[in-house]
Amino acid sequence: MALDGIVTRAIVHELQGCKGGRISKIHQPNGHDVVLTLRAQRGNSKLLISASPTYPRVHFTEKTFLNPTEAPMFCMLLRKHCEGAIIEEIRQIGMERIIHIDVRQRDELGDVSVKRIIIELMGRHSNIVLLDPVTGTILDGIHHVTPSISSYRVIMPGFSYTAPPEQHKTNPLEVNHADFVKGYTETEDEASRWLVNSFSGLSPLIAGELTARASATNHGDAQPEASALWNAFESVMGPVKENSYTPVTGLNAKGKMIFSAVHLQGIQEAEKTYDTMSKCMEDYYGDKAERDTVKQKVSDLLRFLQNERSKNVKKLDNLNKDLLEADDAEKYRLWGELLFASLHQISKGDKSVELVNFYDEDQATIIITLDPLLTPSDNAQRYFKRYNKYKNSLAVIHEQLGKTKDEIVYLDNLLQQLSIASMNDIEEIREELVQQGYLRDRNKKGKKKKKNDRPTVHQFTSTEGIDILVGKNNLQNEYVTNRLASANDTWLHTKDIPGSHVVIRSTDFGEATLEEAAQLAAYFSQAKESSSVPVDYTFIRHVRKPSGAKPGFVIYDHQKTLFVTPNEELVKSLPSTIKNG
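Here the sequence shown is numbered in the working numbering, starting from 837 and rising by one per residue.
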């Protein structure tokens, strides 16, 4: 794991500026994460504490989180004991990935009460625990560990807190040269394994970096000499001891993105350095955690939509075959007329007849297949019936072709929206599918929630200070375009490509805002990875939804088109917020 004891130490050092500050707000946007809004000398800031089993972390964040309408129980407990509290102490336990935050507030009786927030960043065992440090009793944990799960340590209200098992490793900041050399010369392990097994807080990433540095000064030997390894060790741990960090991200030799609190010689390309550890981690993790959670949540919707699309593509093929057959309707009418005009030339039992086509200028002959069991008149009637059948079916086929093509476009739009959906967006897409009759309402039998007709709105601010609204699903698209936008606002959408509705909420803006809005339209579309993406723009008054059209479908005119290549860095640099309506 890239988040090791050194990164934890760097974050704890960064958090020291919060001591004496106040926790003004506490939110829990999901089952793993807690966001503390802090007021300290450095101003207001948001601290993300994540006990995600895949991406556990702690860092300041600029991201906006959409919180559930009802706060989870753990969040309510944190608010009761920690909201309004003063942060007294923030410390790391040794060089482990464990952080203690002590807070002080006055309880209901006016007495001073001290509580401890314990953050354990340990992969799938990560947790956030609220503790009474006086009694050592757990008030609650974001993830419960019952006696049936672990007999060693239980994380449940009322139980005594037991720290994670000690690994009995040496603190790398406290080892001296003699002990280091002695330990290394006595081991049979290779250098990187010995480092990981011997010192707390050292990840395989850092151990590999130390070995590589030592080998580089030791003529490239795979197992470097003790003195070379010590020098490499000191070159990294010396600055760490002094709390001097150089946060960095980049690609390693295998092309994998890595991050560290110290400079890595192992970074091969795309190296990027940061002012703070928080900025480094925010950039590295990005929306990885949410994307993973979203992937799990959308798997059933994804399969359903892909199956529906496949069924409609197959239906389209069959309709096109029917259309080819129906196009032969005129041929059957001609054959019927020629047979009626030539009944005297045909006998029952004939399998075919060659007749002159008197409609043809050249009077060419036609061979017509006959049913030998039918009379000549019945054979003619048979072709007239076939003609009438296909003639009547043509209108139905054309109608079905239009509906099926619209259905495929609609499903393509939904699939594109799922690819960029946040957790809240997914529920809105699911709600839309229920409303459209594709899915059954899972809440039908249970307690019905009060419906909120105001979906989520994603609002960006251009470099010129203009608000730009982006809809990331059909409910949001319709709300942004039909309810929030004014007639003279500018509307943007990728040309003939599934994507988001984008609205510039102003009549007075420059080229920069138009370019940035077009970037948003291209980025939140199926053409996100393409170049020179065509984006149409027009006034809202020229955009309308046809009667009976699917959600999110509009037609528009008086448009102009510009071409942009989606730039993720530009999109992420624009200030943004998420709100309900």
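Note that the Cβ used here is the ideal one computed from N, Cα and C, for glycine as well.
Taking 7 Å as the limit between beta carbons, can you name the residues of its chain near Ala1162, skipping five residues before and five after?
Taking the sequence shown and counting its residues from 1, one reaches residue 1162 at position 326. Contacts found: Tyr1226, Ser1229, Leu1230, Ile1233.
For Thr1201, collect the residues of the same chain with a Cβ closer than 6 Å to its Cβ; drop the 5 residues on either side in sequence, then sort them by chain order.
Stepping through the sequence shown from its first residue, residue 1201 is reached at position 365. The answer, listed in chain order, is Glu1190, Val1192.
Sequence-distant residues of the same chain with beta carbon closer than 6 Å to Lys855, five excluded per side
Working through the sequence shown from its first residue, we reach residue 855 at position 19. Taken in chain order, the residues that qualify are Ile923.
So, are the CB atoms of Gly1335 and Ala1357 less than 8 Å apart?
By 1-based counting over the sequence shown, the position of residue 1335 is 499. By 1-based counting over the sequence shown, the position of residue 1357 is 521. Yes, Cβ-Cβ distance for Gly1335 and Ala1357 is below 8 Å.
If I follow the unbroken alpha helix (DSSP H) through Ala1321, where does it start and stop?
The residue given as residue 1321 occupies position 485 in the sequence shown. From DSSP, Ala1321 is part of no alpha helix (DSSP H); its letter is neither H nor E.
Anyone know if the C-beta pair for Leu1254 and Leu1137 falls short of 8 Å?
By one-based count along the sequence shown, residue 1254 stands at place 418. By one-based count along the sequence shown, residue 1137 stands at place 301. Contact: yes.
Taking C-alpha atoms, which residue in Lys1115, Pro1382, Gly972 lies nearest to Ser881?
Indexing the sequence shown from 1 puts residue 881 at position 45. Ranking the options by Cα distance to Ser881, first place goes to Lys1115.
Can you grab the Cα-Cα spacing for the pair Ile1376 / Leu1398, in whole Å?
The residue labelled residue 1376 in the question sits at position 540 within the sequence shown. The residue labelled residue 1398 in the question sits at position 562 within the sequence shown. Using only the alpha carbons, I get a separation of about 17 Å.
Val1400 classed as buried or exposed, judged by whether at least 16 other C-beta atoms fall within 10 angstroms:
To locate residue 1400, count along the sequence shown from 1; it is residue 564. Flag for Val1400 reads buried.
To the nearest whole angstrom, what separates the beta carbons of Leu1311 and Pro1382, a pair I think is in contact under 8 Å?
Within the sequence shown, the letter at position 475 stands for residue 1311. Within the sequence shown, the letter at position 546 stands for residue 1382. Not confirmed; about 18 Å, so no contact.
Distance, His868 Cα to Thr1129 Cα
Sequence index remark: in the sequence shown, residue 1129 carries index 293 (1-based). Sequence index remark: in the sequence shown, residue 868 carries index 32 (1-based). So the two alpha carbons sit approximately 11 Å from each other.
Taking 8 Å as the cut-off, decide whether the C-beta atoms of Lys1221 and Ile1256 are in contact.
What you label residue 1221 is simply residue 385 of the sequence shown in a count that begins at 1. What you label residue 1256 is simply residue 420 of the sequence shown in a count that begins at 1. For Lys1221 and Ile1256, no; Cβs fall outside 8 Å.
Should the stretch 967-980 be called in touch with the stretch 1005-1025, which here means at least 3 C-beta pairs below 8 Å?
no
Please determine if the stretch 929-936 and the stretch 910-921 are in contact, where contact requires at least 3 C-beta pairs separated by less than 8 Å.
no
Between the alpha carbons of Phe1016 and Ser1367, how many angstroms are there, rounded?
The count along the sequence shown starts at 1 and reaches residue 1016 at position 180. The count along the sequence shown starts at 1 and reaches residue 1367 at position 531. Looking at the two C-alpha atoms, the distance is approximately 54 Å.
According to DSSP, simplified to helix, strand and coil, what is Val1032?
Counted from its first residue, the sequence shown places residue 1032 at position 196. Here Val1032 sits in helix by DSSP.
Which residues DSSP lists as bridging Gln1295, in chain order
In the sequence shown, the residue the question calls residue 1295 occupies position 459. Bridge partners of Gln1295: Leu1305, Thr1413.
Coarse secondary structure for Gln941, derived from DSSP in three states:
As a first step, residue 941 must be located in the sequence shown, where it is residue number 105. Here Gln941 sits in strand by DSSP.
In this structure, what does DSSP give as the bridge partners for Lys1187?
In the sequence shown, residue 1187 corresponds to position 351, counting from 1. Answer is none; Lys1187 lacks a bridge partner.
Identify, in the order they occur along the chain, each residue of the same chain with its Cβ nearer than 7 Å to the Cβ of Gly1185, setting aside the five sequence neighbours on each side.
The sequence position of residue 1185 within the sequence shown is 349, counting from 1. Contacts found: Pro1208.
Pairs of beta-carbons, one from the stretch 1297-1308 and one from the stretch 1333-1349, closer than 8 Å: are there three or more?
yes
State the Cα-Cα distance for the pair Lys1167 and Lys1187, rounded to the nearest angstrom.
In the sequence shown, residue 1167 corresponds to position 331, counting from 1. In the sequence shown, residue 1187 corresponds to position 351, counting from 1. Using only the alpha carbons, I get a separation of about 18 Å.
Does any CB atom of chain C fall closer than 8 Å to the CB of Arg893?
Looking at the structure shown, chain C is missing, and only one protein chain is on hand.
Alpha helix (DSSP H) runs wholly inside the stretch 1101-1176, at least 4 long, in chain order
1113-1121, 1124-1162
CA-CA distance, Thr1112 and Trp1030?
As a first step, residue 1112 must be located in the sequence shown, where it is residue number 276. As a first step, residue 1030 must be located in the sequence shown, where it is residue number 194. Using only the alpha carbons, I get a separation of about 30 Å.
Looking at the unbroken beta strand (DSSP E) that takes in Val948, where does it start and where does it end?
Counting from 1 along the sequence shown, the entry for residue 948 is found at position 112. Its beta strand (DSSP E) spans residues 948-956.
List the whole-angstrom C-beta distance separating Leu1046 from Ala1068, where the pair is believed to meet the contact cut-off of C-beta under 8 Å.
Taking the sequence shown and counting its residues from 1, the one referred to as residue 1046 is at position 210. Taking the sequence shown and counting its residues from 1, the one referred to as residue 1068 is at position 232. At roughly 5 Å, the Cβ-Cβ gap stays under 8 Å, so Leu1046 and Ala1068 are in contact.
Ile1391 burial status per 10 Å Cβ neighbour count (16 or more: buried):
Here residue 1391 corresponds to residue number 555 of the sequence shown, with the count starting at 1. That one is exposed.
Let me know if Tyr1195 comes out buried or exposed under the rule of 16 or more other beta-carbons within 10 Å of its beta-carbon.
As a first step, residue 1195 is located in the sequence shown; it is residue number 359 there, counting from the start. Under this definition Tyr1195 is an exposed residue.
By the 10 Å Cβ neighbour count, where 16 or more other Cβ atoms means buried, how is Thr844 classified, buried or exposed?
One-based indexing of the sequence shown puts residue 844 at position 8. Result: buried.
Using only the alpha-carbon positions, how far apart do Gln1252 and Arg1145 sit?
On the sequence shown, position 416 is the one that residue 1252 refers to. On the sequence shown, position 309 is the one that residue 1145 refers to. If I take the Cα positions, the gap works out to 13 Å.
Return the bridge partner residues of Leu966 from the DSSP annotation.
As a working mapping, residue 966 is identified with position 130 in the sequence shown. Per DSSP, Ile953, Asp976.
C-alpha gap between Glu1078 and Tyr1315, whole angstroms:
For the purposes of this step, residue 1078 is taken as the residue at position 242 of the sequence shown. For the purposes of this step, residue 1315 is taken as the residue at position 479 of the sequence shown. Rounded to whole angstroms, Glu1078 to Tyr1315 spans 54 Å at the Cα level.
Reference Lys1147, options Trp1066, Ala1048, Ser1096, Leu1247, closest by Cα:
On the sequence shown, position 311 is the one that residue 1147 refers to. Of Trp1066, Ala1048, Ser1096, Leu1247, the residue nearest in Cα terms is Leu1247.
Three-state class that DSSP yields for Asp1025 in the structure shown:
Residue mapping note: residue 1025 aligns to position 189 of the sequence shown, counting from 1. Asp1025: coil per DSSP, three-state reduction.
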